[in-house]
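Engineer: With the working numbering applied, the sequence shown has no gaps in its numbers, which climb one by one up to 319 at the end.
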Amino acid sequence: MRFRHLISIDDLSRDDIEYILELAEKFLPVAEGKKKEKPLEGKLLANLFFEPSTRTRMSFEVAMKRLGGEVINMTAQEASSVAKGETLADTIEVVSKYADAIVLRHPLEGAARFAAEHSDVPIINAGDGAGQHPTQTLLDLYTIKKESSLKNLKIALMGDLKYSRTVHSLIKALTLFGAEIYLISPPSLALPEELFEEIREKVRVEVAELEEVIEEIDVLYVTRIQKERFPDEEEYLKVAGSYKVDAKTLERAKDNLIVMHPLPRVDEIDVSVDRTKHAKYFQQTFYGVPVRMAILYEVLAENGS
Ligand code: CP
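(1) Going by DSSP, name the residue or residues bridged to residue 139.
(2) Taking the straight line between their C-alpha atoms, what separation do you get for residue 118 and residue 178?
(3) So, is residue 83 buried or exposed, given that buried needs 16 or more other C-beta atoms within 10 angstroms?
(4) Return the chain-ordered ranges of every beta strand (DSSP E) run that is complete within the region 215-303 and spans a minimum of 3 residues.
(5) Beta-carbon within less than 6 Å of residue 303's beta-carbon, same chain only, minus the 5 sequence neighbours each way: which residues are those?
(6) By a C-beta neighbour count over all protein chains shown, 10 Å radius and 16 as the cutoff for buried, is residue 296 buried or exposed?
(7) Within 10 Å of its beta-carbon, does residue 226 have 16 or more other beta-carbons around it, so buried, or fewer, so exposed?
(8) When the Cα atoms are used, what is the spatial distance from residue 61 to residue 266?
(9) Take the Cβ of residue 112 as the centre, count every other Cβ of all protein chains shown within 10 Å, and call the residue buried at 16 or more, exposed below.
(10) Since residue 76 sits in a beta bridge, which residues does DSSP pair it with?
(11) Are the Cβ atoms of residue 219 and residue 195 separated by less than 8 Å?
(12) Quick one: grab the DSSP three-state call for residue 307.
(13) For residue 258, collect the residues of the same chain with a Cβ closer than 8 Å to its Cβ; drop the 5 residues on either side in sequence, then sort them by chain order.
(14) Determine the contact status of residue 65 and residue 148, defining contact as a CB-CB distance below 8 Å.
(15) Report yes if the C-beta of residue 304 is less than 7 Å from at least one heavy atom of the ligand CP; otherwise report no.
(16) Given the structure, does residue 70 come close to the ligand CP, in the sense that its CB is under 7 Å from one of the ligand's heavy atoms?
(17) Could you tell me the alpha carbon to alpha carbon distance between residue 222 and residue 199, rounded to whole angstroms?
(18) Quick check: is any heavy atom of the ligand CP less than 7 Å from the C-beta of residue 277?
(19) So, under 8 Å CB-CB, residue 162 and residue 34 are touching, yes? Tell me the CB distance rounded to an integer number of Å.
(20) Buried or exposed: which applies to residue 181, given that a residue is buried once 16 or more other Cβ atoms fall within 10 Å of its Cβ?
(21) Does the distance between the C-beta of residue 178 and the nearest non-hydrogen atom of the ligand CP fall short of 7 Å?
(22) I need the boundaries of the beta strand (DSSP E) containing residue 96, first residue and last residue.
Right under this line is the structure:
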């Protein structure tokens, strides 16, 4: 087993990441329903989501079920003992007695690391506040590998770089692959200074405008402005709707540019992009299934690595 818990992308080496991406490729026909394999038969996964989710929760459930395992869900806090004041520590202690692994999404940064200290079984971080979203990063890297290339990659990260946990995880992983990175955001949503300095020591990274780099980049990774992360609504309203990519924006792009987004989107990618050859965000969502199969197999299978 290469890792027991998956809390941060920092827990993985480039070799670990490449191993997961290769395993995901092996599971792709199972994810597509073209082949049956049941290595997780008899295993039980608990999905604990203290924040809304469509893709992460459902793709973990699909991944587990297609591999022969079963899933229990706790999504509505009102329907669980969390509503009676039960702590996260106690919830994890209890659920780890029922399930073989726990997928946890929580609004507080550091919640997954804290949960791992209270769990008898592997914890997989499905997003902790503005902290990390490592399984999203693995599926993002898989998408880039499948639809573009991780070699000599030029990528622009656009949108909310301050609060976006998908960006915070992805940018760290990109340094392992020597990517050239452009940062595009409203000034108030710039990448945190400490993270910028950390990245700058490892790869070429520049603050840019989309018009300056659109002809050069291989990947445009767009994120939503997350209303729920702003301490006050006025600050959110100052930046809401401040950037938008549409089909016209992409007219000067390379033929093989791909546009990615972790989704959900609000208005930052116009639907006119959906019909272009550049749009890969729905395919990206599907790739969450084979990648999460690989992660579940790694932490749960008796004969994993
Ligand atoms: N990308 C992502 O985390 O989507 P959900 O919030 O729907 O899980």
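Ideal Cβ positions, reconstructed from N, Cα and C, are used throughout, including at glycine.
Structural biologist: With the given structure in hand:
(1) Residue pairing by DSSP places residue 139 opposite 118 in a beta bridge.
(2) Residue 118 and residue 178: Cα-Cα distance of roughly 17 Å.
(3) By the 16-neighbour rule on beta-carbons within 10 angstroms, residue 83 is buried.
(4) Qualifying beta strand (DSSP E) stretches, in chain order: 219-221, 233-236, 272-274.
(5) Leaving aside the five residues that flank residue 303 on each side, the residues in its chain whose CB is nearer than 6 Å to its CB run, in chain order, 45, 73, 76, 77.
(6) Label assigned to residue 296: exposed.
(7) By the 10 Å Cβ count, residue 226 comes out exposed.
(8) If I take the Cα positions, the gap works out to 43 Å.
(9) With fewer than 16 other Cβ atoms within 10 Å, it is exposed.
(10) The partner list for residue 76 (beta bridge, DSSP) is empty, contrary to what the question assumes.
(11) In this structure, residue 195 lies closer than 8 Å to residue 219 by Cβ.
(12) In the structure shown, residue 307 sits in a helix (DSSP, three-state: H, G or I).
(13) The answer, listed in chain order, is 281, 282, 283, 284.
(14) No, the pair does not count as a contact, with Cβ atoms beyond the cut-off.
(15) In this structure, residue 304 has its beta carbon at no less than 7 Å from each heavy atom of the ligand CP.
(16) Yes, since a heavy atom of the ligand CP falls inside the 7 Å radius drawn around the Cβ of residue 70.
(17) So the alpha carbons of these two residues sit roughly 8 Å apart.
(18) Flag set: Cβ of residue 277 near the ligand CP.
(19) So it is not a contact: roughly 18 Å between Cβ atoms.
(20) Classification for residue 181: buried.
(21) No, the ligand CP has no heavy atom inside 7 Å of this Cβ.
(22) Where residue 96 is concerned, there is no enclosing beta strand (DSSP E), given that its DSSP letter is neither H nor E.
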